[in-house]
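Structure, as structure tokens:
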Amino acid sequence: MSTRILYLIALIFMAASVLFYSLNREKVQKQVATHSDIDFSASTINARQTDEQGQIQNQLQADALRHYPDGDRMELDQITSTWYKGGLPQTTLNADKGVSFQNNDKVVLTGNVHVQQLAKDGKAPTDLYTTVMNGYPKTKQVDTDQVVTIKSAQSNLVSQGVRADLNIGQYEFFKLRGIYATPRP
Numbered sequence: 309m310s311t312r313i314l315y316l317i318a319l320i321f322m323a324a325s326v327l328f329y330s331l332n333r334e335k336v337q338k339q340v341a342t343h344s345d346i347d348f349s350a351s352t353i354n355a356r357q358t359d360e361q362g363q364i365q366n367q368l369q370a371d372a373l374r375h376y377p378d379g380d381r382m383e384l385d386q387i388t389s390t391w392y393k394g395g396l397p398q399t400t401l402n403a404d405k406g407v408s409f410q411n412n413d414k415v416v417l418t419g420n421v422h423v424q425q426l427a428k429d430g431k432a433p434t435d436l437y438t439t440v441m442n443g444y445p446k447t448k449q450v451d452t453d454q455v456v457t458i459k460s461a462q463s464n465l466v467s468q469g470v471r472a473d474l475n476i477g478q479y480e481f482f483k484l485r486g487i488y489a490t491p492r493p
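Heads up: the sequence shown runs through residues 309 to 493, numbered per the numbering used here.
Right, here's the structure in full:
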């Protein structure tokens with residue numbers, strides 16, 4: 309065999325090796341984080357939000373937080389949130405999990421959800437218990453289409469959903485059933 313043929317075979321073999329290596333190299337490289345991955349997380353969260361005058365509007369405590377940049381979504385575990393009005397606590401919300409969307413415009417609470425409208429102006433506190441609740445912190449409204457148990461000093465009610473404006477304490481219940489006891493003099 310001539311030297312030229314051996315060089316040609318060696319050159320073809322090296323070209324095939326380089327081509328094979330370069331094509332398979334892309335499959336071996338580590339994946340780059342995508343937008344569905346967590347970009348930051350934290351534990352033992354204590355946060356407060358204030359208005360322009362420095363009065364507290366919202367207070368949040370959670371065991372863990374995970375932020376996903378895709379859709380600006382945050383997931384929180386073991387949440388306790390207090391909403392304020394005029395610097396005074398107005399409503400507390402507790403849940404096992406919560407998901408916040410679009411810079412806290414909407415929050416979906418799940419698992420052992422408890423919303424309590426605190427007592428004020430001689431009105432007794434009102435407690436709502438459900439499995440899923442949508443909250444809108446900026447407007448201080450909540451709603452759900454799940455079964456809700458409502459407990460207050462004067463009544464125990466069960467409703468198939470509720471829409472509430474916690475600014476004024478107005479509740480709209482759907483398919484309501486319950487017991488109401490009038491106050492005694």
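Glycine included, every Cβ here is placed at the ideal spot set by N, Cα and C.
- Three or more Cβ pairs closer than 8 angstroms define a contact, and the segment 381–388 falls short of that threshold against the segment 438–445.
- Annotation for L474: no beta strand (DSSP E) segment contains it, and DSSP assigns it neither H nor E.
- T447 sits in coil when the DSSP states are folded into three classes, being neither helix nor strand.
- By the neighbour-count criterion, in which a residue is buried when 16 or more other Cβ atoms sit within 10 angstroms of its Cβ, V326 is exposed.
- DSSP, reduced to helix, strand and coil, places I458 within a strand of the structure shown.
- Just measuring C-alpha positions, the residue of Q462, H375, I476 sitting nearest D345 is H375.
- Check the Cα spacing between N475 and each of K414, F409, Q365: the tightest is with Q365.
- Secondary structure at N332: helix, using DSSP grouped into helix, strand and coil.
- When DSSP states are grouped into helix, strand and coil, A323 belongs to the helix group.
- Around the beta-carbon of L373, 16 or more other beta-carbon atoms lie within 10 Å, marking it buried.
- Going by beta carbons, V416 and V407 fall inside the 8 angstroms limit.
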